[in-house]
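Mapping of the sequence shown onto UniProt numbering: position 177 corresponds to residue 177, and the numbering continues sequentially without gaps.
Where a beta carbon is used, it is the ideal one built from N, C-alpha and C, also for glycine.
Predicted, not measured: the structure shown is a model, and the values here were computed from it.
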Amino acid sequence: MNSGVDEMSERVSGAIGMSGILRVLRDVSRGFGEAGVTAARRWGRGRSKVRNRRARVERLEERLLLTLNVGLSQGNLLVDEPSAGADDLTLDYDSSKNEFIFRDAVNNLTTSITGATGGGTKEIRVPKNRVSGDLITVQTGALGDVITVASGFAPGTSRSLTIEGGAGSDTVKWNSSAQLTAISVTAESTESSSTLIRTSGSQTWSTVVSVLSPLEMTGGNISLQSLITNSKNTKVSGTGVVLVAGAVTATAGATLELSGNGGLVLGAGSEVSTVQGAITLRALLTQGTAGDVSGLQIQDSTVKAQGGTITIMGETSAAAVGRAAVDLVGAKLITQGTGSILLTGIAAESSSSVGIRI
């Protein structure tokens with residue numbers, strides 16, 4: 001067997017010759033070289049693809065960091081956004097556990113509060129005993145956000161809530177009937193589904209408030225940028241001054257009453273109007289106030305009745321010396337169709353005030 005192989009090898013060697021063997025070796029070597037280069041290229045492409053995939057993962061991790069942070073500022077709760085992002089945030093309170101709840105339907109939340117739970121998830125809970133201050137502030141970023149104040153949000157009467165929507169088109173959904181100390185809302189629009197909005201102190205609504213269910217709003221000084229009743233009966237009553245800065249409208253049979261014991265002011269450029277609804281503007285000025293302040297001031301503003309009735313009633317007590325019960329300097333009173341405006345001004349006999357100033 002071996003002798004046959006050796007004999008065949010000798011025959012091949014003789015047939016090919018030494019130069020042929022060298023050519024075969026060069027061809028084999030070249031083949032290995034090309035295979036090596038091809039393998040190297042494939043290996044290089046594989047490494048390039050791996051690096052690209054890792055870069056994409058790193059960018060995703062950066063996006064996840066664009067979240068709201070729940071923290072403390074001088075003992076007060078502060079929810080703010082380090083970078084712009086569209087949020088869907090809900091404020092709630094668990095009275096059984098005495099915990100503040102912050103829930104975002106879109107993004108994960110972070111927290112820097114010791115004892116808080118849920119950091120890095122969509123819901124964070126903060127024990128009440130970790131919060132020494134009474135102010136809760138929510139500041140969202142530049143994009144359009146939705147901020148919901150849940151029906152269960154009842155953190156205590158000593159608490160105040162400030163919502164600042166920032167840039168973008170922001171919507172606040174107010175569902176809580178709990179009493180707070182003060183409320184301040186800045187947003188493009190606010191939808192109120194609550195039957196009560198109550199404060200012992202001031203309320204500032206720098207937003208268009210759309211009333212979705214019968215509402216009674218009570219507080220100290222109340223400032224309204226704009227309010228639309230949407231066929232729902234609405235009463236706004238302040239123990240201090242009630243200020244209307246924009247448009248207030250009652251529609252489709254709704255009744256709207258605005259009253260302030262410290263005066264009712266329709267600011268310059270504002271408008272109160274009704275379309276088949278009834279509006280009552282009532283002010284009782286019970287004390288002397290610095291400056292020429294009247295009970296009900298409709299200066300450089302418009303009152304318009306289109307198919308409904310607007311009742312304007314102003315009254316001053318003996319303490320409001322020299323004041324007007326109703327001040328109409330520069331006011332525009334407009335009736336259209338079956339609309340009517342009823343005007344009453346009552347000044348205390350001993351106060352030297354006037355009933356109606358035109």
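Residue environment, residue i, which counts as buried when at least 16 other CB atoms sit within 10 Å
| i | result |
| --- | --- |
| residue 332 | exposed |
| residue 121 | exposed |
| residue 196 | exposed |
| residue 94 | exposed |
| residue 155 | buried |
| residue 49 | Reliability fails at residue 49, whose pLDDT of 47 lies under 50, so the model's placement of it is uncertain and no value is given. |
| residue 342 | exposed |
| residue 322 | exposed |
| residue 190 | buried |
| residue 98 | exposed |
| residue 85 | buried |
| residue 273 | buried |
| residue 336 | exposed |
| residue 269 | exposed |
| residue 74 | exposed |
| residue 330 | exposed |
| residue 352 | exposed |
| residue 96 | exposed |
In DSSP terms, what residue i is bridged to
| i | result |
| --- | --- |
| residue 281 | 258 and 312 |
| residue 324 | 354 |
| residue 104 | 89 |
| residue 336 | 306 |
| residue 219 | 238 |
| residue 122 | According to DSSP, residue 122 bridges with nothing at all. |
| residue 212 | Note: residue 212 sits in no beta bridge, so no partner. |
| residue 173 | 148 and 191 |
| residue 110 | 69 |
| residue 345 | 314 |
| residue 226 | 208 |
| residue 94 | 99 |
| residue 164 | 139 and 186 |
| residue 299 | Answer by DSSP bridge pairing: none, since residue 299 is not bridged. |
| residue 81 | According to DSSP, which records beta bridges pairwise, residue 81 is partnered with nothing at all. |
| residue 76 | 73 |
Beta-carbon contacts of residue i that lie in its chain and below 7 Å, excluding the five residues immediately before and after
| i | result |
| --- | --- |
| residue 267 | 243, 244, 245 and 301 |
| residue 348 | 316, 317 and 318 |
| residue 115 | 127 and 130 |
| residue 113 | 70, 71, 72, 126 and 130 |
| residue 340 | 305 and 309 |
| residue 55 | Confidence at residue 55 is low in this model, with a pLDDT of 46, below 50, so its placement is unreliable and no value can be given for it. |
Whole-angstrom distance between residue j and residue i, CA atom to CA atom
| i | j | result |
| --- | --- | --- |
| residue 206 | residue 168 | 15 Å |
| residue 284 | residue 299 | 17 Å |
| residue 357 | residue 261 | 19 Å |
| residue 199 | residue 240 | 12 Å |
| residue 306 | residue 328 | 20 Å |
| residue 338 | residue 185 | 36 Å |
| residue 81 | residue 132 | 22 Å |
| residue 312 | residue 141 | 41 Å |
| residue 76 | residue 344 | 46 Å |
| residue 124 | residue 326 | 51 Å |
| residue 259 | residue 213 | 20 Å |
| residue 146 | residue 78 | 17 Å |
| residue 355 | residue 346 | 5 Å |
| residue 144 | residue 105 | 14 Å |
| residue 265 | residue 304 | 16 Å |
| residue 192 | residue 177 | 10 Å |
| residue 229 | residue 109 | 35 Å |
| residue 160 | residue 253 | 34 Å |
| residue 209 | residue 247 | 10 Å |
| residue 135 | residue 68 | 18 Å |
| residue 215 | residue 174 | 11 Å |
| residue 231 | residue 249 | 10 Å |
| residue 165 | residue 118 | 24 Å |
| residue 282 | residue 334 | 18 Å |
6 Å CB neighbourhood of residue i in its chain, flanking five on each side removed
| i | result |
| --- | --- |
| residue 91 | 149 and 153 |
| residue 257 | 235 and 280 |
| residue 217 | 197 and 236 |
| residue 103 | 90 and 123 |
| residue 162 | 137 and 184 |
| residue 255 | 233 and 278 |
| residue 201 | 181, 182 and 220 |
| residue 226 | 208, 246 and 247 |
| residue 294 | 323, 324 and 327 |
| residue 271 | 247 and 302 |
| residue 224 | 205 and 244 |
Nearest-angstrom Cβ-Cβ length linking residue i and residue j, presumed shorter than 8 Å
| i | j | result |
| --- | --- | --- |
| residue 181 | residue 204 | Not a contact, Cβ separation roughly 13 Å. |
| residue 137 | residue 70 | At roughly 11 Å, the Cβ-Cβ gap does not stay under 8 Å, so residue 137 and residue 70 are not in contact. |
| residue 275 | residue 251 | 5 Å |
| residue 187 | residue 172 | 5 Å |
Cβ-heavy atom distance, residue i to the ligand FMN, below 7 Å
| i | result |
| --- | --- |
| residue 277 | With respect to small molecules bound, the structure shown includes none, and the ligand FMN cannot be examined in it. |
8 Å Cβ cutoff, residue i in contact with chain C
| i | result |
| --- | --- |
| residue 100 | Absent here is chain C; the protein component of the structure consists of one chain. |
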